[in-house]
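Number of protein chains: 2
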Amino acid sequence: MAVVMKGMEVAKSMKNELIFRVEKLKESGIIPSLAILRVGEKEEDLSYERGAKKRLEGLGVVCETAVLPEDVTQEDFEKKFDELNVSNKVHGILVFQPLPKHLNIEPVKERIHPRKDVDGMSPVNMGRVFANDKKGVAPCTPAGVIEMLKHFEIPIEGKEVVIVGRSSVVGKPLSILFLQENATVTICHTRTKNLEDTCKGAEILVAAAGVPKMIKASMVSEGCVVVDVGINVDEEGKLCGDVDYEQVEPLASYISPTPGGTGSVTSSVLAKHVIESAES
Amino acid sequence: MAVVMKGMEVAKSMKNELIFRVEKLKESGIIPSLAILRVGEKEEDLSYERGAKKRLEGLGVVCETAVLPEDVTQEDFEKKFDELNVSNKVHGILVFQPLPKHLNIEPVKERIHPRKDVDGMSPVNMGRVFANDKKGVAPCTPAGVIEMLKHFEIPIEGKEVVIVGRSSVVGKPLSILFLQENATVTICHTRTKNLEDTCKGAEILVAAAGVPKMIKASMVSEGCVVVDVGINVDEEGKLCGDVDYEQVEPLASYISPTPGGTGSVTSSVLAKHVIESAES
Chain A
1 MAVVMKGMEV AKSMKNELIF RVEKLKESGI IPSLAILRVG EKEEDLSYER
51 GAKKRLEGLG VVCETAVLPE DVTQEDFEKK FDELNVSNKV HGILVFQPLP
101 KHLNIEPVKE RIHPRKDVDG MSPVNMGRVF ANDKKGVAPC TPAGVIEMLK
151 HFEIPIEGKE VVIVGRSSVV GKPLSILFLQ ENATVTICHT RTKNLEDTCK
201 GAEILVAAAG VPKMIKASMV SEGCVVVDVG INVDEEGKLC GDVDYEQVEP
251 LASYISPTPG GTGSVTSSVL AKHVIESAES
Chain B
1 MAVVMKGMEV AKSMKNELIF RVEKLKESGI IPSLAILRVG EKEEDLSYER
51 GAKKRLEGLG VVCETAVLPE DVTQEDFEKK FDELNVSNKV HGILVFQPLP
101 KHLNIEPVKE RIHPRKDVDG MSPVNMGRVF ANDKKGVAPC TPAGVIEMLK
151 HFEIPIEGKE VVIVGRSSVV GKPLSILFLQ ENATVTICHT RTKNLEDTCK
201 GAEILVAAAG VPKMIKASMV SEGCVVVDVG INVDEEGKLC GDVDYEQVEP
251 LASYISPTPG GTGSVTSSVL AKHVIESAES
């Protein structure tokens, strides 16, 4: 029986320290504050927003959403963004992505103040994380994976880590974070020829491919630590991860469920990044 | 018998196109120009400088060195750098590293104009390369490895690539470049437990660890493509790579020698980056 790595446990253990830091900030008259910039009313955005707002406000972090209409022009989108980017009341900005197709996120990525870039989307932050510069802010999801493993006291140093998926928001930054923890890291993707064997070589397997239940029992060695970053909807309309949980759980030593796994850590990391920005 | 991948062959094949592009620039009154910023008279720097100068000037690219004394202050170092960074006659800046210990490279890395950053040392360029943004400039050495493999028409897509070494100038950026070519990439380093087996799984093995002759025959599968990025001095005072060439060559299908291998491609890539900057 695998130990189930529940995200809420990780979030809880981060809570006390974060509340303490918010109190310290408030004593110096600073109220840490996140601005969410949302275009339109997409259900995924709204659902993430509700969760993040609840988590952040529970820690004493202010969370305000600027909503723009679905058909906002690039100019008005950038104008709103720039307001938040210069405001000294805003410590962090989270722009929901993907944007509607007529909008281009790039100018905003290049322009966001590195300290306000709490989800690590700017090239400057990616480059800093890449160069192991402590000032760098990593995207919240991959940073949450590392938080989760550390919370469960899973050794990372020297381990064979296999990451399935090479996105710029999860797979690639996560590979860098694992390297910094002295893991041996392999990144697989759709063009990987021998995915099954490669995954079987993993001591820690991270699924971040965005393909429902693609990680099967045949791909996992006994005792493997399995972290599922995928959030998908299965054929019955239920949330599921990239891991076929029922098949894989009996083999794993530790496994994160979906829902209730890594996703619940992401918003705590987001809060931490806003607090760090307010402290700096 | 392995095919020996000579760097000069790659450089030669890049030459015609680069000369053509320099001619086009000159027709519009632009002379592509690199400024080298060197502190002190270290032999490695001087040797690299001679090679780069010869290569660049052979292509019609102007190459001027600003030399500062070994004991220059941080302030004077940055002042000189800023001069080059704002000059509209300079299209690229190469700062020799490592600097003497009393100097800090970081402010300069953060401040260099992304287009002038022809060796991809700034966080912005690293972040852009990371995010697969075409504007990103990769460091010359890893970019040269990909040039070399392409020149020899070695397929990369779907291949198992193992990189030994995780430096910010070679190993890490190279892993990203290989991912963009759709390889399955594993990064090893000193903390990797089972280096021999991991290396044996490689179809393309890149040695970038900075340890003389560490890649032995027992670590290489028959038919492997072996790329050596190391430049070291052996016990007899001769230049050698990270690969034990005599042991490994009979097993490899392709192998790059040291000297005369990847190093000779680096300065052609540098020239290309200066020309691209002048064109933009």
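Listed in order, the protein sequences are those of chains A and B.
Here the first sequence stands for residues 1 to 280, where the numbers follow UniProt numbering.
Here the second sequence stands for residues 1 to 280, where the numbers follow UniProt numbering.
Every residue gets a Cβ at the ideal spot worked out from N, C-alpha and C, and that includes glycine.
- For residue 30 of chain B, there is no enclosing alpha helix (DSSP H), as DSSP marks it with neither H nor E.
- Separation of residue 239 of chain B and residue 152 of chain A (C-alpha to C-alpha, rounded to the nearest whole angstrom) is 47 Å.
- According to DSSP, residue 119 of chain B shares a beta bridge with no other residue.
- One Cα belongs to residue 214 of chain A, the other to residue 212 of chain B, and the distance between them is close to 42 Å.
- Cβ-Cβ separation between residue 188 of chain A and residue 164 of chain A: approximately 5 Å, consistent with a contact (criterion under 8 Å).
- At least one beta carbon of chain B lies nearer than 8 Å to the beta carbon of residue 193 of chain A.
- Residues of chain A whose Cβ lies closer than 8 Å to the Cβ of residue 260 of chain B do not exist; the shortest such Cβ separation is about 30 Å.
- Residues are counted here when their Cβ sits less than 9 Å from a Cβ of chain A; for the region 50 to 62 of chain B the count is zero.
- At a cut-off of 8 Å between C-beta atoms, residue 199 of chain A does not count as an interface residue with respect to chain B.
- Neighbours of residue 13 of chain A in chain B, taken as residues whose beta carbon is under 8 Å from its own, are absent, since the nearest beta carbon is some 27 Å off.
- In the DSSP annotation of this structure, the continuous segment of the beta strand (DSSP E) that includes residue 206 of chain A starts and ends at 204 to 207.
- Taking the C-beta atoms as reference points, residue 255 of chain B is found nearer than 8 Å to residue 249 of chain B.
- Put simply, the backbone Cα of residue 134 of chain B is about 38 Å away from that of residue 14 of chain A.
- For residue 170 of chain A, the closest Cβ of chain B is not nearer than 8 Å.
- When the alpha-carbon of residue 177 of chain B is set against those of B:200, B:141, B:198, B:196, the nearest one is in B:141.
- Annotation: the continuous beta strand (DSSP E) that includes residue 160 of chain B extends over 160 to 164.
- Counting along the chain, the unbroken alpha helix (DSSP H) around residue 83 of chain A starts and ends at 74 to 86.
- A Cβ-Cβ distance of about 6 Å is found for the pair residue 160 of chain A and residue 201 of chain A, placing them in contact under the 8 Å criterion.
- Note that the C-beta distance between residue 84 of chain A and residue 77 of chain A is not below 8 Å.
- For residue 61 of chain B, the number of other beta carbons within 10 angstroms of its own is at least 16, and it is reported as buried.
- In the DSSP annotation of this structure, the continuous segment of the beta strand (DSSP E) that includes residue 63 of chain B starts and ends at 62 to 68.
- In this structure, the CA atom of residue 131 of chain A is about 11 Å from the CA atom of residue 124 of chain B.
- Taking a contact to require three or more Cβ pairs closer than 8 Å, the region 32 to 48 of chain A and the region 8 to 26 of chain B do not qualify as touching.
- For residue 259 of chain B, the closest alpha carbon among the candidates B:228, B:70, B:87, B:88 is that of B:228.
- Against residue 157 of chain A, the close residues of chain B are 191, in the order they occur along the chain (beta-carbon pairs closer than 9 Å).
- As summarised for the region 133 to 193 of chain B, the continuous beta strand (DSSP E) elements at least 3 residues long and confined to that stretch are 160 to 164, 184 to 188, given in chain order.
- Check the Cα spacing between residue 196 of chain B and each of B:204, B:34, B:216: the tightest is with B:216.
- Using beta-carbon distances, residue 124 of chain B counts as an interface residue toward chain A, with a partner under 8 Å.
- Exposure of residue 190 of chain B is indicated by the presence of fewer than 16 other C-beta atoms within 10 angstroms of its C-beta.
- Here residue 81 of chain A is buried. Its C-beta has 16 or more other C-beta atoms within 10 Å.
- In the structure shown, residue 52 of chain B adopts helical secondary structure according to DSSP, grouped into three states.
- Taking 8 Å as the threshold, the shortest C-beta distance from residue 104 of chain B to chain A does not fall below it.
- Under DSSP, residue 240 of chain A forms a beta bridge with A:232.
- Residue contact with chain B for residue 207 of chain A: absent (no Cβ-Cβ distance below 8 Å to any residue of chain B).
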